[in-house]
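Student: Residue numbers (this note's numbering): 12 to 426.
This is the structure I have questions about; it appears just below.
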């Protein structure tokens, strides 16, 4: 038996708050936390075919536990321990990887320094089952940030020569979820939206480059809602003994590690910056996109090309809902669950996807060329989609350096 104490609070938390009711929550979990319900309570699991994130509420003020798991029916003491675990508020969490598909597991959580423990069970998904997830529920997205901050959303731009200078305050002009949450079972995003002062520049005369540029490590674009786009995250694969593999980056648009997205598929940086990772539903509703008879421009990408919401003109005046051209890779990731992810490509990581030309309506950067309201004869533009990747993963033009994250850039490191 490999037994490892998880001293919670000393490890990096890699999960975020659950906001705005996501329907991809607990899956096939035994509700009965038996053995000793005074240890922890309300254990649930988010699962894929090869991994699970198990979380629980503290019974008192415990901050460290020993976690042991194995296939259903194993004898405590003969199982495996060693997942990344941490504590925030009243909640503890432990990530388990390297699991087998369609298999039921038991997990025991024991309060360190005592014999108090609790058990629950979960069943992994079938091999290859997709964990792609876009938030589709608006029930909890009722917060008026402009009102609570007593500040109006701000997007302003000025043009000098061929340079467009954009300033935003990251206060959205639409309803959002609760940040931080006032519910017990939330972890990893205790950040409050605050007013920012960010400035970016783009060219007013964008042109297609010979090669595309990855959007990783960058702010991908700015919307007229006063909010920035950051497609990528800083979340990497972490094995159950703590190894981090930088080659595998988690997307927010998945249901294993719920990264706290509200109905706008957005959450909050530690700096207080509210930002989008996927389609901003409340903003689209505010714009009346579904009832529009014309394409609706919503902002600019880092290379200066415009971004449109969901629909494109097929060249005959008909509006069509755009589909991206990404599919799951075939086969198996090939990892051991310790130093790299195992199991089939299922949408938990950006690297699970590949661009397949012609499988959708858009190119590898979620863009296309065609008529728009501003350019009836045609121009290149990006489209926000309901499927992966939702926003552009790359740039077809040359992104401006002001969109680079970190020192010298216009935004904080991605979360």
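Using N, Cα and C, we set each Cβ at its ideal position, and we do this for glycine too.
#1: At the level of alpha carbons, what is the spacing between residue 179 and residue 208?
#2: For residue 258, does the count of other Cβ atoms within 10 angstroms reach 16, so buried, or fall short, so exposed?
#3: If I measure Cβ to Cβ from residue 237 and keep anything under 7 Å in the same chain, skipping five residues before and after, which residues do I get?
#4: Are the C-beta of residue 107 and some C-beta of chain B separated by less than 8 Å?
#5: Can the beta-carbon of residue 152 be found less than 8 Å from the beta-carbon of residue 53?
#6: Give me the Cβ distance between residue 78 and residue 120, rounded to the nearest whole Å; I'm assuming they're in contact under 8 Å.
#7: Consult DSSP for residue 293 and reduce its assignment to one of helix, strand or coil.
#8: Over the uninterrupted alpha helix (DSSP H) stretch that includes residue 157, give me the two end residues.
#9: Using 8 Å as the threshold, is the region 121–137 in touch with the region 369–377, meaning 3 or more CB pairs across them?
#10: So, helix, strand or coil for residue 412, using DSSP?
#11: Who are the near neighbours of residue 203 in its chain, counting only those whose CB is closer than 8 Å to its CB and skipping five residues on each side?
#12: When the Cβ atoms of the region 374–385 are set against those of the region 308–322, are three or more pairs found closer than 8 Å?
#13: What does the Cβ neighbour count give for residue 276, buried or exposed, with the cut at 16 atoms within 10 Å?
#14: Take the Cβ of residue 220 as the centre, count every other Cβ of all protein chains shown within 10 Å, and call the residue buried at 16 or more, exposed below.
#15: Would the beta-carbon of residue 408 fall within 8 Å of that of residue 217?
#16: Which residues in the same chain have their Cβ closer than 6 Å to the Cβ of residue 65, if we skip the five residues on either side of it in sequence?
#17: Taking Cβ positions, are residue 268 and residue 241 nearer each other than 8 Å?
#18: Alpha carbon to alpha carbon, how far is residue 345 from residue 363?
#19: Evaluate residue 159 with the Cβ neighbour count: other Cβ atoms within 10 Å of its Cβ, from every protein chain shown; 16 or more gives buried, anything less gives exposed.
#20: Taking the alpha carbon of residue 211 as the reference point, which residue from 327, 377, 339, 314 has its own alpha carbon closest?
#21: Does the beta-carbon distance from residue 395 to residue 265 come in below 8 Å?
#22: Please classify residue 359 as buried or exposed, where buried requires at least 16 other C-beta atoms within 10 Å of its C-beta.
#23: What does DSSP give as the partner residue(s) for residue 121 in the beta ladder?
#24: So what does DSSP say about residue 300, is it helix, strand or coil?
#25: Identify the residues that DSSP records as bridge partners of residue 212: which are they?
#26: Note down the Cα distance separating residue 205 from residue 293, rounded to an integer number of angstroms.
#27: So residue 137 packs on residue 59, CB below 8 Å; how close in whole Å?
#28: Could you pull out every residue in the same chain whose Cβ sits closer than 8 Å to the Cβ of residue 113, ignoring the five residues on either side in sequence?
#29: Kindly provide the ranges of any alpha helix (DSSP H) runs that are 4 or more residues long and lie completely inside the region 259–344, ordered along the chain.
#30: Between which two residues does the beta strand (DSSP E) carrying residue 163 extend?
#31: Pick helix, strand or coil for residue 390, following the three-state DSSP scheme.
#32: How about residue 353 and residue 108: do their beta carbons lie closer than 8 Å?
#33: When you compare only the Cα positions, how much space is there between residue 169 and residue 317?
#34: Would you tell me roughly how many angstroms separate the C-alpha atoms of residue 397 and residue 145, rounded to the nearest one?
#35: Pick helix, strand or coil for residue 368, following the three-state DSSP scheme.
#36: Can you look up residue 359 in the DSSP assignment and give me helix, strand or coil?
Tutor: If we stick to the structure as given:
#1: As a first step, residue 179 is located in the chain shown; it is residue number 168 there, counting from the start. As a first step, residue 208 is located in the chain shown; it is residue number 197 there, counting from the start. Looking at the two C-alpha atoms, the distance is approximately 6 Å.
#2: In the chain shown, the residue the question calls residue 258 occupies position 247. Answer is exposed; the Cβ neighbour count stays below 16.
#3: Taking the first residue of the chain shown as position 1, residue 237 is located at position 226. Hits under 7 Å: 164, 165, 166, 179, 180, 181, 182, 183, 184.
#4: No chain B is present in this structure, which holds just one protein chain.
#5: Here the question's residue 152 lines up with position 141 in the chain shown. Here the question's residue 53 lines up with position 42 in the chain shown. Cβ distance not < 8 Å, so residue 152 and residue 53 don't count as in contact.
#6: As a first step, residue 78 must be located in the chain shown, where it is residue number 67. As a first step, residue 120 must be located in the chain shown, where it is residue number 109. Between residue 120 and residue 78 the Cβ distance is about 6 Å, and since that is below 8 Å, they are a contact.
#7: Counted from its first residue, the chain shown places residue 293 at position 282. In this structure, residue 293 counts as helix in the three-state DSSP scheme.
#8: Mapped onto the chain shown, residue 157 falls at position 146. Segment 156–160, the alpha helix (DSSP H) holding residue 157.
#9: no
#10: As a working note, residue 412 is residue 401 in the chain shown. If DSSP states are grouped into helix, strand and coil, residue 412 belongs with the helices.
#11: Locating residue 203 in the chain shown gives position 192, counting from the first residue. The residues are 190, 191, 279, 283.
#12: yes
#13: Numbered from 1 along the chain shown, position 265 holds the residue referred to as residue 276. Residue 276 comes out buried.
#14: Along the chain shown, read from residue 1 onward, the residue named residue 220 stands at position 209. Answer is exposed; the Cβ neighbour count stays below 16.
#15: Position 397 of the chain shown, counting from 1, holds the residue named residue 408. Position 206 of the chain shown, counting from 1, holds the residue named residue 217. In this structure, residue 217 lies closer than 8 Å to residue 408 by Cβ.
#16: Along the chain shown, read from residue 1 onward, the residue named residue 65 stands at position 54. Contacts found: 56, 105, 118.
#17: Here residue 268 refers to the residue found at position 257 of the chain shown. Here residue 241 refers to the residue found at position 230 of the chain shown. It is not a contact, given that the beta carbons lie outside the stated cut-off.
#18: Counting from 1 along the chain shown, the entry for residue 345 is found at position 334. Counting from 1 along the chain shown, the entry for residue 363 is found at position 352. Each residue's alpha carbon lies about 12 Å from the other.
#19: The count along the chain shown starts at 1 and reaches residue 159 at position 148. Looking at its Cβ environment, which holds fewer than 16 other Cβ atoms inside 10 Å, residue 159 is exposed.
#20: Along the chain shown, read from residue 1 onward, the residue named residue 211 stands at position 200. Cα-wise, what sits closest to residue 211 is 314.
#21: Position 384 of the chain shown holds residue 395. Position 254 of the chain shown holds residue 265. No. Outside cutoff.
#22: Working through the chain shown from its first residue, we reach residue 359 at position 348. By the neighbour-count rule (16 or more Cβ atoms within 10 Å), residue 359 is buried.
#23: On the chain shown, position 110 is the one that residue 121 refers to. DSSP, once it has assigned bridges, lists 77, 128 as partnering residue 121.
#24: For this step, residue 300 is matched to residue 289 along the chain shown. Three-state result, residue 300: helix.
#25: For this step, residue 212 is matched to residue 201 along the chain shown. According to DSSP, residue 212 bridges with 176.
#26: Position 194 of the chain shown holds residue 205. Position 282 of the chain shown holds residue 293. Those two C-alpha atoms are separated by around 19 Å.
#27: What you label residue 137 is simply residue 126 of the chain shown in a count that begins at 1. What you label residue 59 is simply residue 48 of the chain shown in a count that begins at 1. With a Cβ gap of about 10 Å, residue 137 and residue 59 do not count as contacting.
#28: For the purposes of this step, residue 113 is taken as the residue at position 102 of the chain shown. Within the same chain, residue 113 has close Cβ partners 60, 134, 135, 136, 137, 138.
#29: 292–298
#30: Here residue 163 corresponds to residue number 152 of the chain shown, with the count starting at 1. Per DSSP, residue 163 belongs to no beta strand (DSSP E) and is neither H nor E.
#31: As a working note, residue 390 is residue 379 in the chain shown. In this structure, residue 390 counts as strand in the three-state DSSP scheme.
#32: Here residue 353 is taken as the residue at index 342 of the chain shown, counted from 1. Here residue 108 is taken as the residue at index 97 of the chain shown, counted from 1. Yes. Within cutoff.
#33: Along the chain shown, one-based indexing puts residue 169 at 158. Along the chain shown, one-based indexing puts residue 317 at 306. Computed Cα separation, rounded: 16 Å.
#34: The residue given as residue 397 occupies position 386 in the chain shown. The residue given as residue 145 occupies position 134 in the chain shown. Taking the straight line joining both Cα atoms gives about 7 Å.
#35: In the chain shown, residue 368 corresponds to position 357, counting from 1. Coil at residue 368, not helix or strand.
#36: Taking the chain shown and counting its residues from 1, one reaches residue 359 at position 348. It is coil, neither helix nor strand.
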